Amino acid sequence: MRNKGIVRMLIIAPVIQLILLPLAADYSVKNISIAVVDNDHSTASQRLIGKITSSGYFKLTGYTGSYAKALSLVEQEKADLALQIPAHFERDLVRENSQKLYVAINAIEGTKANLGGAYLSNIITDFNEDLRVDWHTTGTLTGSDAPQITVAASNWYNPYMDFHLYIVPAILVTLVTTLAAMQTAFNIVQEKESGTIEQINVTPLKKHIFIIGKLIPFLVLGIILFTMGLFVGWLFYGIVPVGSLWVLYISLIDYLFAMLGLGLLLATYSATQMQAMSLSFFFINIFNMMSGAFTAVDSMPDWARAIVQTFPPSHFIRIMRMVVLKGSGLGDIVYDLGAMALIGLVLNGWAILNYRKTA
Amino acid sequence: MRQLITFIRKEFLHVFRDRKTLLMLFGLPIAQIVLFGFALSNEIKNSRIAITDYSKDAVTEQLISKIASSNYFDIQRTVQSATQLEAAFKKGDIRMAVIFPANFANDLVHTGKATIQVIADASDPNLATTITNYITRLVNDFNTQTALTAGKPLQILPEMQFLYNPELRGAPNFVPGVMALVLMLVCTMMTSVAIVKEKELGTMEILLVSPFKPIYIIISKLTPNLLISVVNLFIILILSSVFLDLHVKGSILLLTFDSILFILTSLSIGLLLSINAKTQQGAMMGSMMGMMLPTMLLTGFLFPIENMPLPLQVLANLVPSRWYFIIVKKVMLKGLGIAAVWKETLILTGMCLFLFTISLRRFKIRL
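One line per chain: the protein sequences are P and C, in this order.
Residue numbers for the first sequence follow our numbering, beginning at 1 and rising by one.
Residue numbers for the second sequence follow our numbering, beginning at 1001 and rising by one.
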């Protein structure tokens, strides 16, 4: 901890990231670009286009007469989806009572494809309903009205669908993870590399005391970073945890126990700083991608979900979101707390056993 | 020249001697491609929901069986009261609750209208939107069916077609993303730490006072990393072709050329970092704490760049992996040629030249 520059960087770099990155991680899909191929040029097709653009989800980036041109817009990523309104759409709709619209979606970005497709089909259904009502009242059509079921949706815990509420806790966990596991591993290996660890090993100092002495500064550092993170979340994003702070801090200490154990374990397996770095990079990268911070654990296959259960960050991210957004109490998160404690015991135990052998 | 070759050989020996690091360097992309390729999916399915049916009539039964038979939802249990519902949400047991009010079928027949109440746990806003949309779509389908049997005219049927990735797998998006992420971070990290280590040990001074030219030092340091990264690139391409059924649709030559360009850019960033850092720890923190998350988020494979506020979009343009990601998607997944990626290639070339020149200059100054 003597190295002031490093400590400052350890805290400042994450805090800056926490301020900026949630702005980047906005996945509320609202700017879906759509290319429309209008081969009909009727009032109905104009009305449909108007309805799509006024929905707020789509922006019209292409309006052409040829399907090939629209597809090339999709190819160049200028449009996420292409809608084709076939020729004589309006006329045939009246004549044949049924018409098809063709929608092609760029499915490489799956979430966008999913949401875009669903939004568009809902808009088309609405449009369909509008047409029916209108043409009925103007007398174009006669017939009986079938009963209609509607869905009244409400969103709890985050009624304004603010994506920051979802992502800020996860980014904070990611930053704490990087700090805890990596710095612990690095710091211990540094002593190994410079040879001072041998000196400590020959002193009468008990090994577990040395280890605890090494870990406590990082525990404190983790708590400081977490506290600053909560403060930043409140200051910049107005996030006030709904649940109790005690629950959060108890979980944090439980989590840091597990992650410091991981750092310790990695340190026992590496001889140089380079090795410690590549090892921790390996784990942190996988944690970041798989723990549910940016990707959905629920949509993974069973085997992957089982693996994710052994990643401490996945539990802590769950806890953070539940406590911060929903105000869950200790009783609700018992499973995750227990899992983290168990992982922590295994990792620390393993590390201490391995440390004795190698040192 | 012979000096240079000897030096490059020496650097290779350094790299190959450290088996553990080498194992990690090759193990990382392999593990990630296989794990992410199979595990990450954008399709939201099996969302746990609770259904409360106060009506228990023929219509609600039909609707419930329709919901149950779709693989989007996994019906957990029926919740009876509002407090139970709240508890289930707080425990994270369910993502959504679907409530059918009493006299559902009755209302539908007599007033021609009935409303299903849907409550979504919006702590994950996207999931909430998506599953609400699914439910709405299911109910709309149901409406359409009844309308058809009732002979209701005027049916517009949207026909959806998913291009490039019909099964909505996560892999086509994640493989280019992981390629960009892994290549960039590994190159930056390895280079910066390798050079700073020499500084920390004091051997850099010896190198600098030797008649060996500084540019040779840089070249000999970069060559092993370049080679490792190219090998990594091919490992990733082969793995994704064999396991994930993602073949390179466009020209391999073009993809390799652009990849090498990208690798050189990343190596130059590493070089630049190493010039500013004094200790290995500092170099590593610069490349990991400082670059990992920003690279991950600003590359555009997790979150769409066009959604970001303007300053961040500008910032994202400065991240090389952002351009490389676009190139890989276009060349590998869509099979487009140089005509489609010349702009991105030009930008990468510019970045590479700029970074390399700067780091070369700075390196000389420190002599």
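Glycine residues also receive a C-beta, built at the ideal position from the N, C-alpha and C atoms.
All values derive from a computational prediction rather than experimental measurement.
Interface partners of residue i on chain C, CB under 8 Å
i	result
P:Ile286	Ala1031, Gln1032 and Leu1035
P:Gln17	Leu1293 and Pro1294
P:Leu325	Ser1123
Proximity below 8 Å, CB of residue i to CB of residue j
i	j	result
P:Glu90	P:Ala118	no
C:Phe1303	P:Ala304	no
P:Asn128	P:Ala87	no
C:Lys1020	P:Ser270	yes
P:Leu10	P:Leu179	yes
P:Ile108	C:Lys1329	yes
P:Val168	P:Tyr237	yes
C:Ile1275	C:Phe1363	yes
P:Ile223	P:Leu252	yes
C:Pro1029	C:Val1182	yes
P:Gly344	P:Ala258	yes
P:Met289	C:Phe1104	no
P:Ala82	P:Ala35	yes
P:Asp103	P:Ala70	According to the sequence as given, residue 103 of chain P is Val; it is not Asp. No, the pair does not count as a contact, with Cβ atoms beyond the cut-off.
Beta-carbon neighbours of residue i, restricted to chain P and to distances below 7 Å
i	result
C:Asp1245	None at all; the shortest Cβ gap to chain P is about 15 Å.
C:Ile1280	For clarity, residue 1280 of chain C is Gln in the given sequence; the question names Ile instead. Correct list: Gln273.
C:Phe1016	Neighbours of C:Phe1016 on chain P: none; closest Cβ ~13 Å, over 7 Å.
C:Met1184	Going along chain P, no residue has its Cβ under 7 Å from C:Met1184, so there is no contact; the nearest lies around 12 Å.
C:Gly1092	Arg318 and Met322
C:Glu1205	None at all; the shortest Cβ gap to chain P is about 19 Å.
Reduced DSSP secondary structure (H/G/I, E/B, other) of residue i
i	result
P:Thr43	helix
P:Ala170	helix
C:Ser1065	helix
P:Asn354	helix
C:Tyr1072	coil
P:Gly62	strand
C:Met1001	coil
C:Asp1141	helix
C:Arg1095	coil
C:Gln1084	helix
P:Ile32	strand
P:Ala104	strand
Any chain P beta carbon closer than 8 Å to residue i
i	result
C:Lys1010	no
C:Asn1317	no
C:Gln1062	no
C:Leu1367	Its pLDDT being 45, under 50, C:Leu1367 is placed unreliably in this model, and the coordinates cannot settle the point.
C:Pro1309	yes
C:Lys1334	yes
C:Leu1239	no
C:Thr1345	no
C:Lys1020	yes
C:Phe1089	yes
Within chain P, the residues that residue i reaches when beta carbons sit closer than 9 Å
i	result
C:Phe1038	Met300, Pro301, Trp303 and Ala304
C:Ala1340	Glu75 and Gln76
C:Asn1046	Asp298 and Ser299
Neighbouring residues, chain C, relative to residue i (Cβ below 7 Å)
i	result
P:Arg321	Ser1123
P:Val151	Ile1116, Val1118, Ile1135, Thr1136 and Val1139
Proximal residues of chain C, C-beta to C-beta of residue i below 9 Å
i	result
P:Met290	Leu1035, Phe1036, Ala1039 and Leu1040
P:Met182	Met1284, Met1285, Met1288 and Met1289
P:Met9	Gly1282, Met1285, Gly1286, Met1289 and Gly1290
P:Leu375	Because chain P spans 1 through 359 in this model, residue 375 of chain P falls outside it and cannot be assessed.
P:Thr178	Met1288, Met1289, Met1292 and Leu1293
Residue i at chain C interface by Cβ criterion, 8 Å
i	result
P:Arg318	yes
P:Lys192	no
P:Thr174	yes
P:Leu21	yes
P:Leu165	yes
P:Ala359	Residue confidence for P:Ala359 is low, a pLDDT of 47 falling below 50, so the modelled location carries little weight and cannot support an answer.
P:Trp350	no
P:Trp246	no
P:Leu235	no
P:Asp40	no
P:Phe281	yes
Interface residues of chain P facing residue i [CB-CB closer than 8 Å]
i	result
C:Val1193	Gln273, Met274 and Met277
beta-carbon residue i near the ligand ATP non-hydrogen atom, thresh 7 Å
i	result
P:Gln275	Judged by which ligands are present, the structure shown has none, so any question about the ligand ATP falls away.
Inset, instruction - Inspect the CB distances between the stretch 1312 to 1329 of chain C and the stretch 1225 to 1241 of chain C and report whether three or more fall short of 8 Å. - result: no
Legend entry - Touch test, the stretch 299 to 315 of chain P against the stretch 1026 to 1043 of chain C, Cβ-Cβ under 8 Å, three pairs minimum: yes
Inset, instruction - Could you tell me whether the stretch 1290 to 1305 of chain C touches the stretch 1171 to 1180 of chain C, using the rule of 3 or more Cβ pairs below 8 Å? - result: yes
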